[in-house]
Amino acid sequence: MRYRVLGALELWDGDRWISLGPAKWRMLLAVLLCHANRTVPTERLMDELWGEEGRPQSAGKLLQTYVSRLRQTLGDESGEVLITDKQGYKAHGYRLAVEAAEFDAHRFEQLVEEGRRGLDRDTPEAAAERLREALGLWHGSPFQDVPPTPAVEAEATRLEECRLEAVDARIEADLRCGRHASVLGELEALTAEHPFREDLRGRQMLALYRSGRQADALAAYRDLRGALADELGVEPTPALQRLHQRILTADETLMPPERAAEGAAAGSGPGTPAAPPRAARAPRGPRQLPPASPAFTGRHGEIAVIRTLIEEAEEHDGSGAVATDGGDGGAGGRPVVIAAIDGTGGVGKSSLVIHAAHQLADRFPDGQLYVDLHGATAGLTALDPGEVLGRFLRALGVDGSTVPSSTDEASAQFRSLAAGRRLLVILDNAASVEQVRPLLPAGPGCSALVTSREMLTTLEGATHLHLDVLPRDQAVALLERIVGAERVRAEPEEAEAITRLCGGLPLALRIAGARLAARPGRPLRTLVTKLTDVRGRLDELSFGDLAVRTSFQVSYDGFREGRRSDDLDAARAFRLLGALPGPDVSLPVATALLGLSESRTESALERLVDAQLLESPDSIRYHMHDLLRLFATERAEQEDSETERSTAVARGLSCYLATAQQAVTLLDPLRPGPGRPVDGDGTVVPLGDSAEADAWLKAELRNLLAAVAYAVERPEPVARLGVRLAQSLQWFLYPRAHAQDLQSVNELAISAARRLGDLESEAWLLDHLAGAYWLQRAYDDVRECLESALEIWRELGHHEGELRTLCNLADALCELGLHEEAIVVQKRQLALAREIGDPAAEVVGLGNLGRAHRGLGHPEEALTCFRESLEGARRTGNIHHQGFALYEMGLTYMEQGKFPEGRTHMDEALPVWKRPGTYESWRGHTWSGLFPACMTLQIGPGPR
1 MRYRVLGALE
11 LWDGDRWISL
21 GPAKWRMLLA
31 VLLCHANRTV
41 PTERLMDELW
51 GEEGRPQSAG
61 KLLQTYVSRL
71 RQTLGDESGE
81 VLITDKQGYK
91 AHGYRLAVEA
101 AEFDAHRFEQ
111 LVEEGRRGLD
121 RDTPEAAAER
131 LREALGLWHG
141 SPFQDVPPTP
151 AVEAEATRLE
161 ECRLEAVDAR
171 IEADLRCGRH
181 ASVLGELEAL
191 TAEHPFREDL
201 RGRQMLALYR
211 SGRQADALAA
221 YRDLRGALAD
231 ELGVEPTPAL
241 QRLHQRILTA
251 DETLMPPERA
261 AEGAAAGSGP
271 GTPAAPPRAA
281 RAPRGPRQLP
291 PASPAFTGRH
301 GEIAVIRTLI
311 EEAEEHDGSG
321 AVATDGGDGG
331 AGGRPVVIAA
341 IDGTGGVGKS
351 SLVIHAAHQL
361 ADRFPDGQLY
371 VDLHGATAGL
381 TALDPGEVLG
391 RFLRALGVDG
401 STVPSSTDEA
411 SAQFRSLAAG
421 RRLLVILDNA
431 ASVEQVRPLL
441 PAGPGCSALV
451 TSREMLTTLE
461 GATHLHLDVL
471 PRDQAVALLE
481 RIVGAERVRA
491 EPEEAEAITR
501 LCGGLPLALR
511 IAGARLAARP
521 GRPLRTLVTK
531 LTDVRGRLDE
541 LSFGDLAVRT
551 SFQVSYDGFR
561 EGRRSDDLDA
571 ARAFRLLGAL
581 PGPDVSLPVA
591 TALLGLSESR
601 TESALERLVD
611 AQLLESPDSI
621 RYHMHDLLRL
631 FATERAEQED
641 SETERSTAVA
651 RGLSCYLATA
661 QQAVTLLDPL
671 RPGPGRPVDG
681 DGTVVPLGDS
691 AEADAWLKAE
701 LRNLLAAVAY
711 AVERPEPVAR
721 LGVRLAQSLQ
731 WFLYPRAHAQ
741 DLQSVNELAI
751 SAARRLGDLE
761 SEAWLLDHLA
771 GAYWLQRAYD
781 DVRECLESAL
791 EIWRELGHHE
801 GELRTLCNLA
811 DALCELGLHE
821 EAIVVQKRQL
831 ALAREIGDPA
841 AEVVGLGNLG
851 RAHRGLGHPE
861 EALTCFRESL
871 EGARRTGNIH
881 HQGFALYEMG
891 LTYMEQGKFP
901 EGRTHMDEAL
911 PVWKRPGTYE
921 SWRGHTWSGL
931 FPACMTLQIG
941 PGPR
């Protein structure tokens, strides 16, 4: 299926473009396209279609109808394109699966990005071609036939802005190609439509000047300046001021490169005076920038920040004009710009600053100095600042024999020379602030770009930029530039897999791309297979002189040398964190893992954050990149014994288990569950109440699930920790209808329990697995699990477990329509509960027996059971079953047509579900049960 939104919303039916009929269908499809490949919650969709105030009571059913009709239109009866995302058995939201080539907005943005890359590579013809193709996809205003919704309006605005930026980029490409005359008419219309867009006005000024219309170009500037002063009270940006100054002085370098020597008269009209010939001038300073990487991709935001820093600093220059006479260049009062870029090894810091420096080089006519300081280079010692200063001074024309031997004196001489120049200094791969500080220029016309793995927080006057891994689209684009667009587009899923397995790390992607480029006939899936093997992934990410492992090793070796008191703790923490399962870790769990005090653990973790070996965006949780985790695991296997590793992990898992048991007990004190003490050092995260317990479980859920999956595959005693953790998670996962997670952890834990010969745990887990199937309405599977659990309980003589499983089995039989069998099973449970004196089990049993009678059409018997269950629940403090009994009584009355009585009991049940120890989903069931009564009685339900 193909979609168009850059105009009217249309679908391609295989032969022609068609429009959707009803407005609500168009609105639904438009909202899904605005969030293509992302789940849009049903609540959000209803707000988009009707607003918060105008939503009808039947909005949920109407939405389902619209989804069904839309699927029919898309030919997607199986739901593989318009996908339902579920929580349990209920629709949580909908996701429209869209390939980039199928969606004109995505294709437009792809082509624009390719055009921008062409401009970055200085291939303007190719850039212009891509940008024209992108703009050719437009056939009107975005979503022009779709009634407005918040998402559609926001996306339409964004797309219009993208279109304007694409037009601007295409005009820039045309200007670079010397087509200044052909864009003048378009620029005149655009500047009239957008009078305050200075980028467009600058292009108009340049096109006019290149066409021999210097006076008109200057007039265009005056018009803009006057409008800005009158309307906004501001001056044009320094960049536009500089362009004005250069036009005013007939700067010949503004002409297209291939025509600059001919003078401005070329292409001008009759009688237009030619600009004076350009004066020949030799380069005045060093040009030391390394070549920019042809594969450089993305980082538009970071480059924009660097560019803005320099442009804003130039506001202190008055006119902002670049000097052409060898003088200061307007340095009076201009602050030195220092941008310090930090990030983990291989994230692309050097590529970024070199790329940015090439773009900014013309702003620094007195030279660009570059040095690799070897702060994190394998096998090399960080350069001494004195040695670097000698290089800089010689590059600036100082006789080598007169370079001072003292670092302080050399630094002072360097600052003196830089003071009268416009220099760009690149200090790449710095080790420390102490290494960088003597190398910074002090001249107000200078700027410095510094890269380092650690954040140079004490570098005075610096603006800090943290470089993260590439987002998915930029990672794929980088791979495409190395491997070739055709290969990537031929295997898009494999390309996505490679970027995921490389974790978006540019170094890893460059190596993967180089491997593929060296084997042009080899499919991408071959590399995917190799990278999927975690044990060999770092071996695969090595090619020629590039290796991810070597990059990581440099940072890690800095800790092993133990220069600081906490370095050895940090090295050990790095190794052991690689062994702990889960996407991140909290400080208390890390403290248990390491067996250290909390303050000592925090110090070690923060050292790793400083070195970019850990990430901690919120100072609460710590995350390790996947490739760093593999490296940490390698180091642990080589430096720590198996006993030390397994003991440490067991401490971390014991903390998870002890805290999870505490949390589920706070959430529901009456629920049965394994209460055995946790082995280990007893570390537990303190939780004050049910709200804190709920928040902890939600924050740690991915870690807890990963811990179960890891532990159950290990030998004793770790495997038993995993089994018990799975049992504890039942009381969090089931009430929140996390069916898939619940099924997964219980299936894994059952296998482990059988391997350990732990029959009691196996029976509990079978009972819990039945709950997972229940949420999916797989009642035959529920019955099979429960009958297997019953056999074990009877073999063990375990009455508590047998009582619970009998109740659940009776419930399952009711769902299967086997109410008479359910009554037999439930009476057996009640007899056992009364025999052993378990009033809590009796409460549950009476409720289930009433449900079976109601299913058989015996309302009086059912109501008697529910009343007795309610009385017992109140005596025992069982909150959940108070709500359950009230709900079932209300339902039974309404089935008899006694709506007032039904509504009374339903209204009484509603507040119960707000209290701790109840299942969230039952509040929704009660609301659904209330509607028939309210409709019949023509009244509203009670307060929510």
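Counting from 1, one number per residue, gives the positions in the sequence shown under the numbering used here.
Beta carbons: idealized from backbone N, C-alpha and C, even for Gly.
Integer Cβ distance of residue i from residue j, believed to fall under 8 angstroms
i      : j      : result
Ile247 : Leu289 : Contact doesn't hold; Cβ gap of about 28 angstroms is too wide.
Ala340 : His464 : 5 angstroms
Ala430 : Leu456 : 7 angstroms
Met46  : Arg55  : 6 angstroms
Leu28  : Leu49  : 7 angstroms
Gly504 : Val548 : Not a contact, Cβ separation roughly 13 angstroms.
Ser551 : Gly343 : Contact flag wrong, Cβ pair sits at about 11 angstroms.
Ala220 : Leu208 : 6 angstroms
Option in the options with minimal Cα separation from residue i
i      : options                        : result
His244 : Leu765, Leu206, Gly226, Glu231 : Leu206
Asp668 : Asp384, Ile879, Arg158, Pro142 : Ile879
Val353 : Glu486, Ile303, Arg391         : Ile303
Glu486 : Arg453, Pro520, Pro506         : Pro520
Pro438 : Ala181, Gly386, Arg107, Gln204 : Gly386
Met624 : Asp473, Glu155, Leu605, Asp640 : Leu605
Leu63  : Leu74, Gly79, Glu43, Glu77     : Glu43
Ala955 : Gly688, Thr665, Leu701, Val745 : The chain is shown only over 1 to 944; residue 955 falls outside these bounds and no answer can be derived.
Leu6   : Cys34, Ile750, Leu360, Ala23   : Cys34
Ala239 : Gln214, Thr297, Cys177, Leu309 : Leu309
Local conformation of residue i per DSSP, three classes
i      : result
Leu748 : helix
Thr633 : helix
Ile83  : strand
Ile879 : helix
Arg368 : Looking at the sequence provided, one finds Gln at residue 368 rather than Arg. Of the three classes helix, strand and coil, the one that applies to Gln368 here is strand, per DSSP.
Thr529 : helix
Asn429 : strand
Trp764 : helix
Thr73  : helix
Gly14  : coil
Ala462 : strand
Ile620 : coil
Glu946 : The structure shown does not extend to residue 946, since the chain spans only 1 to 944, so no value can be given for it.
Glu99  : coil
Ala339 : strand
Tyr734 : coil
His92  : strand
Ser728 : helix
Cutoff 6 angstroms; reference residue i; Cβ partners in own chain excluding five residues on either side
i      : result
Ala127 : Gly115, Gly118, Leu119, Ala173
Ala592 : Arg651, Gly652, Cys655, Thr683
His300 : none
Glu540 : Lys530, Leu531
Ala841 : Leu803, Ala833
Glu186 : none
Arg959 : As displayed, the chain neither begins before 1 nor continues past 944, which places residue 959 out of reach and without an answer.
Ala810 : Ala822, Val825, Gln826, Asn848
Ala378 : Thr550, Val554
Glu262 : Its pLDDT being 36, under 50, Glu262 is placed unreliably by the model, and nothing is read from it.
Glu598 : Thr591
Residues near residue i in its chain [Cβ-Cβ closer than 7 angstroms; skip 5 each side]
i      : result
Asp366 : Arg284, Gly285, Arg421, Arg422, Leu423
Gly69  : Here the sequence assigns Arg to residue 69, which means Gly is not the residue at that position. Within the same chain, Arg69 has close Cβ partners Trp25.
Sequence-distant residues of the same chain with beta carbon closer than 8 angstroms to residue i, five excluded per side
i       : result
Ala1001 : Outside the displayed range of the chain (1 to 944) lies residue 1001, so it cannot be described from this structure.
Gly855  : Cys814, Gly817, His819, Ala822
Evaluate the contact criterion for the region 356 to 376 versus the region 432 to 452: three or more CB pairs, one atom per stretch, below 8 angstroms.
yes
Please determine if the region 739 to 754 and the region 612 to 632 are in contact, where contact requires at least 3 C-beta pairs separated by less than 8 angstroms.
no
With a cut-off of 8 angstroms, do at least 3 Cβ pairs link the region 623 to 639 to the region 717 to 724?
Result no; under three Cβ-Cβ pairs closer than 8 angstroms.
Check whether the region 396 to 404 and the region 342 to 350 touch, using three or more Cβ-Cβ pairs below 8 angstroms as the test.
no
With a threshold of 8 angstroms, are at least 3 pairs of Cβ atoms found where one atom belongs to the region 180 to 199 and the other to the region 140 to 152?
no
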